[in-house]
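Protein chains in written order, with the numbering used here: chain U, 1 to 114; chain P, 1 to 116. Ideal Cβ positions, reconstructed from N, Cα and C, are used throughout, including at glycine. It should be emphasised that the depicted structure is a prediction, and the values quoted were computed from it without experimental measurement.
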């Protein structure tokens, strides 16, 4: 597809369950980012990949959060033992490596933890 | 420290009028980029306009222009001839070019409502 694709669009899970969120970036985009957006707030950075290498994971809030991009294209964000404070929209973005190029976002996954 | 500040939680504008959304930023990096994104209620983040710190002219994209005042560290978005479809959340974001960080830092956003 032409844009960044995220799935599922909505996810409801019980506290303590593991969840996996998928991101399919724009073809040819080297950089891939995950952001977390709480209700009424701006997105906050979680982690960054350049191709398959995870170069920055400083924004991951705990060791329950794990991200991978094994072949340098599709990425998965996994949250283990979910807690209610994990409820948020998770946005994936991709971009070219050039610094003045914008990041293009997917529609996000809205995660609700019951 | 807050790097991006958007002081207007909500703004109203009459259809066909112009509106300015404020954004101030804080950085010691001499090279950086400023971005504006639109987020309708459906949730997608739509890129609007980019301004580089070394760009001599203010960026423009159709009805969007960026009023960049480097000395004041402000990068206000101007939307001309507002349309009902412009009603959305607007985010200012910055990326610092020095160092290894490549992520965007976002402000808290401004909810714009265009009135008919």
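- Item | Alpha-carbon to alpha-carbon, residue 26 of chain P and residue 79 of chain P | Looking up residue 79 of chain P in the second chain gives position 79. Looking up residue 26 of chain P in the second chain gives position 26. Going by the C-alpha atoms only, they are around 23 angstroms apart.
- Message: Going by DSSP in three states, residue 56 of chain P sits in which element: helix, strand or coil?
- Response: Taking the second chain and counting its residues from 1, one reaches residue 56 of chain P at position 56. Reduced to three states, the DSSP call for residue 56 of chain P is coil.
- Message: So that I know if they touch, is there some Cβ in chain U lying closer than 8 angstroms to that of residue 64 of chain P?
- Response: As a first step, residue 64 of chain P is located in the second chain; it is residue number 64 there, counting from the start. No, because no Cβ of chain U sits closer than 8 angstroms to the Cβ of residue 64 of chain P.
- Query: Is the Cβ-Cβ distance between residue 115 of chain P and residue 13 of chain P less than 8 angstroms?
  - Reply: Locating residue 115 of chain P in the second chain gives position 115, where the first residue counts as 1. Locating residue 13 of chain P in the second chain gives position 13, where the first residue counts as 1. Yes. Within cutoff.
- Message: Between which two residues does the beta strand (DSSP E) holding residue 89 of chain U run?
- Response: As a first step, residue 89 of chain U must be located in the first chain, where it is residue number 89. Taken as a continuous stretch (DSSP letters only), the beta strand (DSSP E) holding residue 89 of chain U covers 88-95.
- Task: List the residues of chain P that residue 65 of chain U touches, going by C-beta distances under 7 angstroms, in chain order.
- Result: Position 65 of the first chain holds residue 65 of chain U. Ordered by position in chain P, no residue passes the 7 angstroms Cβ test against residue 65 of chain U, which lies about 15 angstroms from the chain.
- Output the distance between the C-alpha atoms of residue 90 of chain U and residue 24 of chain U, rounded to the nearest integer angstrom. Residue mapping note: residue 90 of chain U aligns to position 90 of the first chain, counting from 1. Residue mapping note: residue 24 of chain U aligns to position 24 of the first chain, counting from 1. Computed Cα separation, rounded: 13 angstroms.
- Could you tell me which chain P residues have their CB closer than 8 angstroms to the CB of residue 43 of chain U, listed as they occur along the chain? Locating residue 43 of chain U in the first chain gives position 43, counting from the first residue. Correct list: 45, 91, 104 and 106.
- Message: Less than 8 angstroms between C-beta atoms, sequence neighbours within five positions excluded: which residues of the same chain meet that for residue 33 of chain P?
- Response: On the second chain, residue 33 of chain P is found 33 positions in, with the first residue counted as 1. Cβ within range, chain order: 50, 51, 52, 53, 94, 95 and 97.
- Message: Which residue wins for smallest C-alpha separation from residue 107 of chain U, given the options U:21, U:62 and U:16?
- Response: The count along the first chain starts at 1 and reaches residue 107 of chain U at position 107. Comparing Cα positions, the closest option is U:21.
- Endpoints, beta strand (DSSP E) assigned at residue 110 of chain U: What you label residue 110 of chain U is simply residue 110 of the first chain in a count that begins at 1. 109-113 is the extent of the beta strand (DSSP E) around residue 110 of chain U.
- At least one CB of chain P closer than 8 angstroms to the CB of residue 89 of chain U: is that the case? As a working mapping, residue 89 of chain U is identified with position 89 in the first chain. Yes, because at least one Cβ of chain P sits closer than 8 angstroms to the Cβ of residue 89 of chain U.
- Query: Under a CB-based cut-off of 8 angstroms, is residue 25 of chain P close to chain U?
  - Reply: Within the second chain, the letter at position 25 stands for residue 25 of chain P. So no, residue 25 of chain P is outside the interface.
- Task: Taking the CB atoms as reference points, tell me whether residue 49 of chain U and residue 69 of chain U lie closer together than 8 angstroms.
- Result: Residue numbering aside, residue 49 of chain U sits at position 49 when the first chain is read from its first letter. Residue numbering aside, residue 69 of chain U sits at position 69 when the first chain is read from its first letter. Cβ atoms of residue 49 of chain U and residue 69 of chain U: closer than 8 angstroms.
- Query: Does the ligand NAP have a heavy atom nearer than 7 angstroms to the CB of residue 81 of chain P?
  - Reply: With respect to the ligand NAP, the structure shown offers nothing to examine, as it has no ligands at all.
- Please classify residue 56 of chain U: does DSSP put it in a helix, a strand, or coil? Against the first chain, residue 56 of chain U aligns to sequence position 56. Here residue 56 of chain U sits in strand by DSSP.
- Item | Contacting residues, own chain, Cβ-Cβ under 8 angstroms from residue 102 of chain U (five flanking each side not counted) | Taking the first residue of the first chain as 1, we reach residue 102 of chain U at position 102. Around residue 102 of chain U: 95.
- From the DSSP output, in three-state form, read off residue 84 of chain U for me. Position 84 of the first chain, counting from 1, holds the residue named residue 84 of chain U. Reduced to three states, the DSSP call for residue 84 of chain U is helix.
- Message: Taking 8 angstroms as the limit between beta carbons, can you name the residues of its chain near residue 102 of chain P, skipping five residues before and five after?
- Response: The residue labelled residue 102 of chain P in the question sits at position 102 within the second chain. So the list reads 95, once near-sequence residues are dropped.
- So with Cβ pairs under 8 angstroms, would you call residue 33 of chain U a contact of chain P? Here the question's residue 33 of chain U lines up with position 33 in the first chain. It does; some Cβ of chain P falls within 8 angstroms.
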